[in-house]
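Colleague: Pasting a structure below so you can have a look.
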Amino acid sequence: MSPDGAAVRALKDRLERHPSATAVLQEHCSVPIRVVRLPVGEQPSQETLRLLEVSDPRQVRTRHVQLLCGDVPLSDAWNWYVPERLTDDMNHLLETTDTPFGKAVSKTNFYRQRLETRFPDNTTGIVLENRAVLRRASDNAPISLVVEDYLPGALKPQP
Numbered sequence: 000m001s002p003d004g005a006a007v008r009a010l011k012d013r014l015e016r017h018p019s020a021t022a023v024l025q026e027h028c029s030v031p032i033r034v035v036r037l038p039v040g041e042q043p044s045q046e047t048l049r050l051l052e053v054s055d056p057r058q059v060r061t062r063h064v065q066l067l068c069g070d071v072p073l074s075d076a077w078n079w080y081v082p083e084r085l086t087d088d089m090n091h092l093l094e095t096t097d098t099p100f101g102k103a104v105s106k107t108n109f110y111r112q113r114l115e116t117r118f119p120d121n122t123t124g125i126v127l128e129n130r131a132v133l134r135r136a137s138d139n140a141p142i143s144l145v146v147e148d149y150l151p152g153a154l155k156p157q158p
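Going by numbering that gives the first Met the number 0, the first residue of the sequence shown is number 0, and it counts up by one from there.
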């Protein structure tokens, strides 16, 4: 756990109470959270396909982003999602804009099925890692698998 274990636990608790990680981070950022797309090079794993309840990797799209408050990195997130379970408008936002995933798909009224929370070794630069499946409220269908790595900037309010 990070040198400030209490701050890490507080972040973990806030994240557990809200389905949207971006909304949690926004609470401590005085400017709108900025999303920066990062390169995507890997195909979804067999475990990812199983968790998303699909059989073909072509049914899944991958989004890798960093969330920042101003210039301070807060988190690095991998998101594997099933476009056919989202609306055309949602897919358009995800493919062509930097809109945070949770905001883009908010009309699904998704909820989080938490899979794992880890406190990586201090040498990684990551203070907390969450894995979760986001499920559509109307039918519990999995729409996304997220792996979120929270960085030290997420532990304190940003100007």
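Heads up, the beta-carbon is just placed ideally off N, CA and C, and yes, glycines get one too.
Given the structure is predicted, the values throughout are model-derived calculations rather than measurements.
Using only CA atoms, which one of GLN45, GLN112, VAL64, GLN65 lies nearest to PRO222?
Modeller: One cannot answer for residue 222 here, as it falls past the ends of the chain, which runs 0 to 158.
Colleague: Nearest-angstrom Cα distance between ARG117 and GLU128?
Modeller: On the sequence shown, residue 117 is found 118 positions in, with the first residue counted as 1. On the sequence shown, residue 128 is found 129 positions in, with the first residue counted as 1. Answer to the nearest angstrom: the Cα atoms are 5 Å apart.
Colleague: Quick one: what does DSSP say MET0 is sitting in, helix, strand or coil?
Modeller: For the purposes of this step, residue 0 is identified with residue 1 of the sequence shown, where counting begins at 1. Because MET0 carries a pLDDT of 45, less than 50, the predicted location of this residue cannot be relied on, and no value is offered for it.
Colleague: In angstroms, rounded to a whole number, what distance separates the CA positions of TRP79 and THR21?
Modeller: On the sequence shown, residue 79 is found 80 positions in, with the first residue counted as 1. On the sequence shown, residue 21 is found 22 positions in, with the first residue counted as 1. Rounded to whole angstroms, TRP79 to THR21 spans 16 Å at the Cα level.
Colleague: Can you check which of these residues, GLN157, LEU50, THR107, is closest to ASP138 by C-alpha distance?
Modeller: Indexing the sequence shown from 1 puts residue 138 at position 139. ASP138 has its Cα closest to that of THR107, out of GLN157, LEU50, THR107.
Colleague: Let me know the beta strand (DSSP E) ranges lying completely inside the segment 93-158, each 3 residues or longer, listed in chain order.
Modeller: For the segment 93-158, whole beta strand (DSSP E) runs of length 3 or above, ordered along the chain, are 110-117, 127-134, 141-149.
Colleague: Looking at the secondary structure, which residues open and close the alpha helix (DSSP H) in which GLN45 lies?
Modeller: For the purposes of this step, residue 45 is identified with residue 46 of the sequence shown, where counting begins at 1. That run of the alpha helix (DSSP H) goes 45-51.
Colleague: Output the distance between the C-alpha atoms of ALA136 and ARG113, rounded to the nearest integer angstrom.
Modeller: The residue you call residue 136 lines up with position 137 of the sequence shown. The residue you call residue 113 lines up with position 114 of the sequence shown. Roughly 15 Å between the two C-alpha positions.
Colleague: Can you give me the start and stop residues for the alpha helix (DSSP H) that LEU24 sits inside?
Modeller: For the purposes of this step, residue 24 is taken as residue 25 along the sequence shown, with counting starting at 1. From DSSP, the alpha helix (DSSP H) with LEU24 extends over 20-25.
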